[in-house]
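Those letters in the sequence shown? Residues 2 to 352, per our numbering, in order.
From the three backbone atoms N, C-alpha and C, an ideal C-beta is built for every residue, glycine too.
Notes follow once the structure below has been shown.
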Amino acid sequence: MLTAPPTTRPIQFASDNYSGMCPEALEYLVKANQGDVPAYGDDGWTQRAADTFRSIFETDCEVFFVFNGTAANSLTLASLCQSYHSVICHELAHVETDECGAPEFASNGSKLLLAQGDQGKLDPADVERLITKRSDIHYPKPKVISLTQATEVGTLYTTDELATLGDLAHRYGLKVHMDGARFANALVASGKTPAELTWKAGIDVLCCCGTKNGMGVGEAILFFDRTLAEDFAYRCKQAGQLASKMRFISAPWLGLLETGAWLRNAAHANRMATYLEQQLRSIPGLEILFPRQVNGVFVEMPPALIDDLHRRGWAFYTFIGSGGVRLMCAWNTTTEAIDELVGDIKDVMGR
Ligand SMILES: *Cc1c(COP(=O)(O)O)cnc(C)c1O
Numbered sequence: 002m003l004t005a006p007p008t009t010r011p012i013q014f015a016s017d018n019y020s021g022m023c024p025e026a027l028e029y030l031v032k033a034n035q036g037d038v039p040a041y042g043d044d045g046w047t048q049r050a051a052d053t054f055r056s057i058f059e060t061d062c063e064v065f066f067v068f069n070g071t072a073a074n075s076l077t078l079a080s081l082c083q084s085y086h087s088v089i090c091h092e093l094a095h096v097e098t099d100e101c102g103a104p105e106f107a108s109n110g111s112k113l114l115l116a117q118g119d120q121g122k123l124d125p126a127d128v129e130r131l132i133t134k135r136s137d138i139h140y141p142k143p144k145v146i147s148l149t150q151a152t153e154v155g156t157l158y159t160t161d162e163l164a165t166l167g168d169l170a171h172r173y174g175l176k177v178h179m180d181g182a183r184f185a186n187a188l189v190a191s192g193k194t195p196a197e198l199t200w201k202a203g204i205d206v207l208c209c210c211g212t213k214n215g216m217g218v219g220e221a222i223l224f225f226d227r228t229l230a231e232d233f234a235y236r237c238k239q240a241g242q243l244a245s246k247m248r249f250i251s252a253p254w255l256g257l258l259e260t261g262a263w264l265r266n267a268a269h270a271n272r273m274a275t276y277l278e279q280q281l282r283s284i285p286g287l288e289i290l291f292p293r294q295v296n297g298v299f300v301e302m303p304p305a306l307i308d309d310l311h312r313r314g315w316a317f318y319t320f321i322g323s324g325g326v327r328l329m330c331a332w333n334t335t336t337e338a339i340d341e342l343v344g345d346i347k348d349v350m351g352r
């Protein structure tokens with residue numbers, strides 16, 4: 002019998018990409034594993050998944066599938082920019098802090114310009130400052146606003162906030178890219194439709210959550226402005242991001258979309274984070290750092306507590322500021338796991 006390799010602990014709050022595949026994605030993966038089909042995306046699964054995206058987003062967008070989020074973001078930004086252009090993003094943006102320079106690499110040097118903003122959201126005034134700061138030939142010409150929905154600190158842009166940034170971008174001839182690694186979490190939390198949260202609010206291209214939502218691998222890229230997708234397939238191929246057995250990315254995507262699992266998974270993760278936040282708020286000495294709007298809770302903990310929790314085998318990231326702990330919930334997080342973590346926190350703090 003096969004046994005799983007050892008893990009640090011059966012439960013964790015490190016990231017929604019620690020979890021496995023959800024049953025619906027796995028079911029479609031197995032279904033797609035029958036017979037031979039054409040390679041490189043010329044198969045029925047890929048066609049159906051792309052059509053389902055078009056129907057869910059109520060628009061005739063161009064759809065591509067790649068292996069991961071870094072590739073999705075980097076190749077998309079590269080396709081919107083020439084090497085002498087720049088991309089305006091939040092200082093906490095994943096494209097800036099967690100992609101090892103991939104956007105600059107893929108674009109042959111397009112520069113990221115960092116904007117400020119509370120709660121992980123771009124401040125339109127600061128974005129406009131960066132756009133208008135210089136117009137001479139010595140400054141990398143701003144070409145894209147990149148924003149993350151839901152943000153890196155678990156907050157949401159409202160549709161009005163998106164539209165403000167969209168208007169600003171388009172007024173100055175810039176495009177808008179949305180990093181939607183947690184788009185489904187934002188979608189269910191906002192109560193808006195996929196169209197309202199993207200192209201109707203001025204988003205030109207969306208990199209859409211597969212992995213963190215419950216897939217094994219794979220992100221989708223939706224170009225709402227089809228002209229921006231010209232030659233994008235070549236870019237994917239050159240970057241090693243064209244899966245030859247594409248059906249094993251597109252079929253699980255179809256499983257998420259067709260069964261509604263992507264929304265159920267996101268709603269569940271958000272609900273678990275709500276419960277976790279409630280439990281943490283009942284513990285004196287802990288401070289919740291950002292308004293919790295999706296599936297992550299950010300909490301200020303004493304360093305000794307963090308050390309103790311790590312010693313007990315709990316996995317979580319502490320990368321935002323000093324003492325800021327990120328606790329992430331996923332499609333498979335349970336209330337029992339939360340109770341156990343909260344129990345350990347109370348135990349340590351009570352001593
Ligand atoms: C996880 C994540 C990504 C994608 O990361 P990969 O590890 O490359 O799949 C992109 N943006 C944000 C905000 C993320 O959290």
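State the DSSP-derived secondary structure class of residue i, mapped to helix, strand or coil.
i	result
G110	coil
I204	coil
T335	coil
I222	strand
A116	strand
I307	helix
V343	helix
K32	helix
F184	helix
V38	coil
G192	coil
E59	coil
F317	coil
F299	strand
R49	helix
A198	Looking at the sequence provided, one finds Leu at residue 198 rather than Ala. Coil.
I350	Just to set this straight, residue 350 is Met in the shown sequence, not Ile. In the structure shown, M350 sits in a helix (DSSP, three-state: H, G or I).
L328	strand
So, is residue i buried or exposed, given that buried needs 16 or more other C-beta atoms within 10 angstroms?
i	result
Q280	buried
I363	Not covered by the structure: residue 363. The range shown for the chain is 2 to 352.
F68	buried
E220	buried
Y158	buried
T228	exposed
Y29	buried
P303	exposed
A187	buried
F320	exposed
G181	buried
R248	buried
C237	buried
E278	buried
N109	exposed
H139	exposed
R293	buried
V31	exposed
C101	exposed
S20	buried
R352	exposed
E97	buried
P1	Only positions 2 to 352 of the chain appear in this structure, which leaves residue 1 out of reach.
P285	exposed
I think residue i touches residue j, with their Cβ atoms under 8 Å apart; what is that distance to the nearest whole Å?
i	j	result
N363	K213	Only positions 2 to 352 of the chain appear in this structure, which leaves residue 363 out of reach.
G167	G203	2 Å
A116	C82	Actually they are not in contact, since the Cβ atoms of A116 and C82 sit about 17 Å apart, beyond 8 Å.
E129	T160	Between T160 and E129 the Cβ distance is about 20 Å, and since that is not below 8 Å, they are no contact.
L257	E25	6 Å
G297	R327	6 Å
S87	L114	5 Å
L207	L223	5 Å
T165	P195	Wrong, their Cβ atoms sit about 20 Å apart, outside the cutoff.
Is any heavy atom of ligand 3 found at a distance shorter than 7 Å from the C-beta of residue i?
i	result
N18	Ligand 3 is not among the ligands present in this structure, which contains only ligand 1.
message: Just to confirm the assignment: which complete alpha helix (DSSP H) runs, minimum length 4, are found wholly within the segment 64 to 102?
response: 70 to 81 and 95 to 98
query: What beta strand (DSSP E) runs, 3 residues minimum, are completely inside the segment 128 to 165?
result: 142 to 149
- prompt: Residue ranges of each alpha helix (DSSP H) run of no fewer than 4 residues wholly in the segment 223 to 293, ordered along the chain?
  reply: 233 to 239, 248 to 260 and 262 to 282
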